[in-house]
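K.L.:
Input: one structure, supplied below.
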Amino acid sequence: VQQSCSEPSVVGAEGSAATTVVVTSKVAAAATEAVAETPTTNAASTTTTVPSYLSSESSEKYVLAKSLLSSGDFEQALELIEEAIQETRAVLLSMEVADTDLHESMAPFHYLYGTTLLYSIEESNDTQMTVS
Numbered sequence: 054v055q056q057s058c059s060e061p062s063v064v065g066a067e068g069s070a071a072t073t074v075v076v077t078s079k080v081a082a083a084a085t086e087a088v089a090e091t092p093t094t095n096a097a098s099t100t101t102t103v104p105s106y107l108s109s110e111s112s113e114k115y116v117l118a119k120s121l122l123s124s125g126d127f128e129q130a131l132e133l134i135e136e137a138i139q140e141t142r143a144v145l146l147s148m149e150v151a152d153t154d155l156h157e158s159m160a161p162f163h164y165l166y167g168t169t170l171l172y173s174i175e176e177s178n179d180t181q182m183t184v185s
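First residue of the sequence shown? That's 54 in the working numbering, and the numbers climb one at a time after it.
In structure tokens, the structure reads:
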């Protein structure tokens with residue numbers, strides 16, 4: 054028995070209509086989610102999804118920069134974060150996202166940049182006090 058996704062029908066057994074409606078609703082919901090998560094294509098014909106807060110926070114550059122911060126290599130961490138900010142901004146611009154600097158995907162990089170800069174300044178001040 055073949056059923057249309059838009060029109061549930063009674064198959065013959067008791068309760069079949071309710072089951073069909075539930076299945077149809079689940080199929081429609083899955084299709085809606087698939088469309089919402091479908092990656093967009095930029096001019097270079099490569100598939101790219103819109104970056105998110107979580108994708109930025111779990112990105113390779115973010116994790117490496119955080120590791121560099123923990124090990125005290127502030128300059129390398131700052132350079133890496135700057136690269137990540139520029140790359141993320143470029144992706145957002147290519148996808149014609151408005152207010153790229155305020156986009157949620159930029160937040161983890163800006164926060165980590167500020168934190169790294171603060172640690173760098175504090176260490177610099179500690180070093181100067183020790184030398185004096």
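Glycine residues also receive a C-beta, built at the ideal position from the N, C-alpha and C atoms. For clarity, every value in this text was computed on a predicted model and none was experimentally measured.
Check whether the region 112 to 127 and the region 169 to 179 touch, using three or more Cβ-Cβ pairs below 8 Å as the test.
P.N.:
Because the criterion of three Cβ pairs below 8 Å is met, the region 112 to 127 and the region 169 to 179 touch.
K.L.:
For K119, which option in G167, T183 and Q181 has the closest C-alpha, if you only look at C-alpha atoms?
P.N.:
On the sequence shown, position 66 is the one that residue 119 refers to. With distances taken between Cα atoms, K119 lies closest to G167.
K.L.:
Would you identify the three-state DSSP class for T101, choosing helix, strand or coil?
P.N.:
The count along the sequence shown starts at 1 and reaches residue 101 at position 48. T101: strand per DSSP, three-state reduction.
K.L.:
How long is the line joining the alpha carbons of P161 and T101, rounded to whole angstroms?
P.N.:
The residue labelled residue 161 in the question sits at position 108 within the sequence shown. The residue labelled residue 101 in the question sits at position 48 within the sequence shown. Straight-line Cα distance between these residues: approximately 20 Å.
K.L.:
DSSP three-state call for L165: helix, strand or coil?
P.N.:
For the purposes of this step, residue 165 is identified with residue 112 of the sequence shown, where counting begins at 1. Of the three classes helix, strand and coil, the one that applies to L165 here is helix, per DSSP.
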